[in-house]
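Structure record follows, encoded as C-alpha cells.
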Amino acid sequence: MSKELIRLRDLTMEFDGERILDGINLYINDHEFLTLLGPSGCGKTTTLRIIGGFLNPTSGTVTFDGECINDVPPYKRQINTVFQRYALFPHLNVFDNIAFGLRVAKLPKNEITERVNRMLDIVSLKGYGHRSVSSLSGGQQQRVAIARALVNEPKVLLLDEPLGALDLRLRKDMQIELKRIQQTTGITFIYVTHDQEEALSMSDTIVVMDKGRIQQIGRPEDIYNEPKNAFVADFIGESNILDGVMLSDYKVRFFGRTFQCVDKGFGPNEAVDVVIRPEDVDIVAPEEGHLVGTVTAITFKGLNYDIIVEFCGFKWLIQTTDYHGVGTTIGIRLNPEDIHIMKKSEYSGMFGDYSSYSAEYDELTEDAEDEEE
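Spelled out as C-alpha cells, the structure:
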C-alpha cells in the first residue's frame, strides 16, 4: 500500500483580494508521479510554489511526512524544483553543474564524483561530464537540470512546465525519459502542465484544476473515460457534449431518441450532460444510423480525418480513418458503452458543440496577423 507523503488541507491563496486557490484538498503518495493539469490561471503553479515553500498560503496547511511545513523555508524542505528555464551555470561544465549543490554541502570529493556519475547514467548523459552546457541541445540541458535537482536525493521533485521550451518531437521523447527517470529513482514527481497529452502519458495520478479549484482527481484512464463534468470532458481530449435527460437507470434521451447507456444513479427525468468521444462514433449508411447528419468540414490528421457533422443543428466532431467529403450524408450508431452521462454543472452548455470550430481558427489567424503588424 502506498504511503502518504504530502497533504494539502483547505489551502486558499489570495493576491490583491483575488482568490487564486479556493479550498484545495489533496494528498500525494510517496513514489508517485502526480500531475497538476489545467489552463493558465487555474492555480496549478501557485499550488506547486506553496508545496516548494516559495509562497505561504493565505490559509490552510501543508504537511510533509505528517509534519506541518508551512513555516519551513524552501532550502530546508526535502524538495527540489526544475523550472521551464533551466538556470544552468554557463561557465561550468555538465559535471560541475550537477555537482554544485553537493559542493555547497561540503560532501567528500569521492562521494560527489560517485553521485554525479550515477546521475549522468540515470539521465542518459554518461560521458557528457566534461562538455560545456552551452554545447548541449535543449533536451540535454533539461536532463542536466533534472540531474542537478536529483543529485541531492530529495524526497520530492517539483517540475513547473519543464518541457514548454522544447519542440514537439523532443517534448515527446522527454515525456518518456521523465517517466523512466521517475521510476528509476523512485522519487515523488509533482508535475505542472497545461498539456493534456503530457499528463495522460506520464502520470500515475492527474489533478484537473480550474478557477482555483480541483475539478477531478484520478488515474489517466479514469479521467479520460469517466470525466466528472463538462470542463474535464472538454479539457482532456475532444468531446461532443450534448443536453440529455436520464429517463431511468441505463436509459438516456437526446436528439429525440432514447439510447441505452451504462450509467445509473440519476433521478428520474434528470437533466444531464451526455459525452461522446469523437473516436467512439461508428459511421454507417444513413438508413442504418441512429442519427443522420451532413458533413460540413474535414481535416486530414495523418492517422485519421477529423470531420464535423451537423445533427439537428448541433455540430459533432468525429474521428474516422475513412474519407467522407463535405456535403456527404452519413449515419452514426452509438454503443451503450460509448455514451457517458455526467451531472449538470456550472460548465454545462459551454463546450462540445463544434459550430465554433471554424471561428476558433479565424481567431487564431487574426492573432497571428496582429503579431505580424
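If you count by the working numbering, then the sequence shown holds residues 136 to 508, one letter each, in order.
Even for Gly, the Cβ is constructed at its ideal location relative to N, Cα and C.
Among the options, the one whose alpha carbon lies nearest that of residue i
i	options	result
N404	S259, S267, T198 and K479	K479
R184	I247, D408 and L156	L156
F324	S270, N215 and F401	N215
E361	V427, V409 and V387	V409
Y162	C396, F150 and D145	D145
G428	D256, Y440 and I453	I453
S490	K290, V430 and N470	V430
I322	A368, A284, L303 and I358	A284
F449	Y440, T464 and D488	D488
D357	N287, T434, A368 and K241	A368
L293	V286, L438 and I281	I281
T455	T463, T464 and D441	D441
L335	G347, D345, I352 and R392	I352
T464	A432, L438, K436 and E481	A432
S269	P289, A222 and E288	A222
E481	K363, P174 and F189	K363
Beta-carbon spacing of residue i, residue j below 9 Å
i	j	result
Q275	L298	no
S267	A365	no
I411	W451	yes
Y359	P471	no
L143	T196	yes
R250	V286	yes
F199	R212	yes
R388	H425	no
N252	K261	yes
N160	S137	no
L469	F401	no
I247	V279	no
Min CB distance residue i to chain B below 9 Å
i	result
D157	Chain labels in this structure do not include chain B; a single protein chain is all it has.
Whole-angstrom distance between residue j and residue i, CA atom to CA atom
i	j	result
A494	H166	Note on A494: pLDDT 42, under 50, position unreliable in the model; no value is reported.
M337	L313	8 Å
V258	G273	14 Å
L169	F370	17 Å
C203	I186	11 Å
I474	I443	19 Å
V397	V407	14 Å
T319	D256	11 Å
D308	E333	11 Å
R154	I316	36 Å
G158	I349	9 Å
L237	D345	39 Å
N191	L271	36 Å
R354	G372	15 Å
T340	H329	15 Å
T182	G152	18 Å
N245	A300	35 Å
P243	P289	19 Å
G150	V217	What sits at residue 150 in the sequence shown is Phe, not Gly. For F150 and V217, the distance between alpha carbons rounds to 24 Å.
G437	P174	27 Å
T434	S383	38 Å
E445	G188	51 Å
R304	G347	31 Å
G201	R306	35 Å
E508	V342	Low confidence applies here, because E508 scores a pLDDT of 42, under 50, leaving its location unreliable; read the following figure in that light. Their backbone Cα atoms lie some 39 Å apart in a straight line.
N577	K399	Given that the chain is displayed from residue 136 to residue 508, the structure contains no residue 577 and the question cannot be resolved.
Integer Cβ distance of residue i from residue j, believed to fall under 8 Å
i	j	result
F390	C447	5 Å
M254	T193	About 37 Å separates the two Cβ atoms, so there is no contact after all.
Q331	L172	7 Å
G466	E423	5 Å
G264	F235	With a Cβ gap of about 13 Å, G264 and F235 do not count as contacting.
D302	V327	Wrong, their Cβ atoms sit about 20 Å apart, outside the cutoff.
Any non-hydrogen atom of the ligand NAD within 8 Å of residue i CB
i	result
P209	Because no ligand of any kind appears in the structure shown, any question about the ligand NAD cannot be addressed here.
Cβ contact (3+ pairs, closer than 8 Å) linking the stretch 371–379 and the stretch 197–207: no
Cβ contact (3+ pairs, closer than 8 Å) linking the stretch 447–459 and the stretch 413–421: yes
At least three beta-carbon pairs within less than 8 Å, the stretch 173–180 to the stretch 211–230: no
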